[in-house]
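Peer 1: Here the sequence shown is numbered in our numbering, starting from 638 and rising by one per residue.
Note that CB positions come from ideal geometry on N, CA and C, so glycine has one too.
My questions all concern the structure below.
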Amino acid sequence: MIDENLQKTPLFSALDEEAALALQKSMVPQSIKRGNTLFQEGDSGDRLYVVTEGKIKLSHASGDGRESVLMVLGPGDMFGELSLFDPGPRTATAVAVTDSKVLGLGHTDLNPWLAGRPEVAQKLLQALAHRLRRTNEAMSDLVFADVPGRVAKALLELGEKFGSKTEAGIYVNHDLTQEELAQLVGASRETVNKALADFVSRGWLKLETRSVELLDLERLSKRAR
Ligand code: CMP
Numbered sequence: 638m639i640d641e642n643l644q645k646t647p648l649f650s651a652l653d654e655e656a657a658l659a660l661q662k663s664m665v666p667q668s669i670k671r672g673n674t675l676f677q678e679g680d681s682g683d684r685l686y687v688v689t690e691g692k693i694k695l696s697h698a699s700g701d702g703r704e705s706v707l708m709v710l711g712p713g714d715m716f717g718e719l720s721l722f723d724p725g726p727r728t729a730t731a732v733a734v735t736d737s738k739v740l741g742l743g744h745t746d747l748n749p750w751l752a753g754r755p756e757v758a759q760k761l762l763q764a765l766a767h768r769l770r771r772t773n774e775a776m777s778d779l780v781f782a783d784v785p786g787r788v789a790k791a792l793l794e795l796g797e798k799f800g801s802k803t804e805a806g807i808y809v810n811h812d813l814t815q816e817e818l819a820q821l822v823g824a825s826r827e828t829v830n831k832a833l834a835d836f837v838s839r840g841w842l843k844l845e846t847r848s849v850e851l852l853d854l855e856r857l858s859k860r861a862r
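Printed below as a string of structure tokens:
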């Protein structure tokens, strides 16, 4: 059987069942304990990964050691493919935010599939284009949006990915520390905490350790715009 998380990836979505099973066979499972690093920015990369369990954060360090979190990935997300299309060092560091499992696929095992099946390559290009759109939007938010707006947007995005419906709204178990949340938003911990405290006082959300309950989605969405 094909792993349901693999089926969600652009890599597998263009394959029929027989081909998907064959490709799945070349993938190697790997477990990463919470806080451990799968690879570092600058390492040479020879495989891509699909998350099957847990959460992985992708981060980028500045010259002076500050860190920015590019994205938090969950089951069904693929990463590590940039060094396949553009051979070179890893462009980000991948660290497990919770105990996680991934399936790894060597670039050399993937290349024949890409050469023989243009529809797979097209899906991967589509995924890259989608990421570029998201990155452009994040860049423009950094320039034009204020910190509370960016906090609201980040929480809603985390909610879409990791949230579950409750009677009052959406419960988001993001598993990020306050520092990591600030790194995801691109602001200092103090400023992000101030924005969160303001949202709490307005009744828009409830804070818990490493999770949040979003209570007023409409107001948060308006603030995120
Ligand atoms: P690679 O460079 O091989 O290893 C790090 C991976 O992080 C990279 O491939 C992408 O899969 C992923 N990545 C890099 N930059 C971003 C970004 N801005 N948004 C989402 N994922 C990214």
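Confirm, please, whether the CB-CB distance from residue 806 to residue 851 is below 8 Å.
Peer 2: For the purposes of this step, residue 851 is identified with residue 214 of the sequence shown, where counting begins at 1. For the purposes of this step, residue 806 is identified with residue 169 of the sequence shown, where counting begins at 1. Yes, the pair counts as a contact, with Cβ atoms nearer than the cut-off.
Peer 1: Give a yes or no on contact between the region 767-775 and the region 738-750, applying the rule of three or more CB pairs nearer than 8 Å.
Peer 2: no
Peer 1: Per DSSP, what kind of secondary structure is residue 663 in: helix, strand or coil?
Peer 2: As a first step, residue 663 must be located in the sequence shown, where it is residue number 26. Coil.
Peer 1: Taking the straight line between their C-alpha atoms, what separation do you get for residue 761 and residue 841?
Peer 2: Position 124 of the sequence shown, counted from the first residue, corresponds to residue 761. Position 204 of the sequence shown, counted from the first residue, corresponds to residue 841. In a straight line, the C-alpha of residue 761 is about 37 Å away from that of residue 841.
Peer 1: Between residue 742 and the rest of its own chain, which residues show a CB-CB distance below 7 Å, the 5 nearest in sequence each way excluded?
Peer 2: Along the sequence shown, read from residue 1 onward, the residue named residue 742 stands at position 105. The answer, listed in chain order, is 663, 664, 684, 685.
Peer 1: For the ligand CMP, enumerate in chain order all residues having a CB closer than 6 Å to any of its heavy atoms.
Peer 2: 682, 695, 707, 708, 716, 717, 718, 719, 720, 727, 728, 729, 768, 772
Peer 1: Identify every residue that forms a DSSP beta bridge with residue 688.
Peer 2: For the purposes of this step, residue 688 is identified with residue 51 of the sequence shown, where counting begins at 1. BP columns for residue 688 point to 739.
Peer 1: Are residue 721 and residue 744 touching if we call contact CB-CB under 8 Å?
Peer 2: Here residue 721 corresponds to residue number 84 of the sequence shown, with the count starting at 1. Here residue 744 corresponds to residue number 107 of the sequence shown, with the count starting at 1. Yes, the pair counts as a contact, with Cβ atoms nearer than the cut-off.
Peer 1: By how many angstroms is the C-alpha of residue 752 removed from the C-alpha of residue 848?
Peer 2: Here residue 848 is taken as the residue at index 211 of the sequence shown, counted from 1. Here residue 752 is taken as the residue at index 115 of the sequence shown, counted from 1. Cα to Cα, the separation comes out at about 43 Å.
Peer 1: Which two residues bound the contiguous alpha helix (DSSP H) that contains residue 776?
Peer 2: Taking the sequence shown and counting its residues from 1, one reaches residue 776 at position 139. Here the alpha helix (DSSP H) through residue 776 covers 755-781.
Peer 1: In the DSSP assignment, what are the bridge partners of residue 697?
Peer 2: One-based indexing of the sequence shown puts residue 697 at position 60. According to DSSP, which records beta bridges pairwise, residue 697 is partnered with 705.
Peer 1: For residue 729, which three-state DSSP category applies?
Peer 2: The sequence position of residue 729 within the sequence shown is 92, counting from 1. Three-state DSSP puts residue 729 in coil, outside helix and strand.
Peer 1: Tell me whether residue 674 sits in a helix, a strand or coil according to DSSP, three-state version.
Peer 2: For this step, residue 674 is matched to residue 37 along the sequence shown. Note: residue 674 maps to strand in three-state DSSP.
Peer 1: Given this structure, state the Cα-to-Cα distance separating residue 756 from residue 723, to the nearest angstrom.
Peer 2: The residue labelled residue 756 in the question sits at position 119 within the sequence shown. The residue labelled residue 723 in the question sits at position 86 within the sequence shown. Answer to the nearest angstrom: the Cα atoms are 20 Å apart.
Peer 1: Can you tell me the Cβ-Cβ gap for residue 730 and residue 784, rounded? I've got them flagged as a contact below 8 Å.
Peer 2: In the sequence shown, counting from the first residue as 1, residue 730 sits at position 93. In the sequence shown, counting from the first residue as 1, residue 784 sits at position 147. Separation of the CB atoms of residue 730 and residue 784 is rounded to 24 Å, and the pair is thereby denied contact status at 8 Å.
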